[in-house]
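Residue numbers for the sequence shown follow our numbering, so the first one is 87 and each next one is one higher. Ideal Cβ positions, reconstructed from N, Cα and C, are used throughout, including at glycine. Quick caveat, the model's predicted, so the values are computed rather than measured. Working notes for the structure below.
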Amino acid sequence: MTLLLYGVPRGSMIGPMLFLLYVAEVLDVIMECGLAVHAYADDIQAHVSVPAVHQSTAMQRLASCIIRIRDWMASNRLKLNEEKTQVIW
């Protein structure tokens with residue numbers, strides 16, 4: 087048996103639940119930006135559906151939301167993986 091001072095044992099059932107509680111607030115950040123959100127495990131997708139004539143405004147909203155997510159993550163000791171961040175038009 088090993089004494090843990092912080093964290094959870096690797097592979098434990100409580101790990102995923104604690105992670106979801108830890109990052110649940112990022113979903114609120116996305117919704118405050120006026121975007122729809124879908125989350126599964128550690129994958130979060132933010133999306134917006136608009137007519138083509140509003141694409142410029144939608145892209146601005148999406149870009150500012152990504153900045154807010156990055157800032158939220160930094161303030162919570164997380165790092166946005168920019169190599170995996172994609173915009174699909």
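The alpha-carbon of N162 is positioned some 17 Å away from that of G101. Exclusion of the five residues before and after T171 leaves I152 as the residues of its chain whose Cβ lies within less than 8 Å of its Cβ. For the alpha helix (DSSP H) assignment, the uninterrupted runs of no fewer than 4 residues enclosed by the stretch 91–167 are, from N- to C-terminal side, 100–118 and 141–161. The alpha-carbon of T143 is positioned some 17 Å away from that of R154. Counting the other Cβ atoms within 10 Å of the Cβ of A160 gives fewer than 16, which makes it exposed. Its Cα nearest to that of N167, the residue D129 stands out among V134, D129, L91 and S150. The residues R154, I155 and W158, in chain order, have a CB closer than 7 Å to that of V115 in the same chain once the five nearest residues on each side in sequence are set aside.
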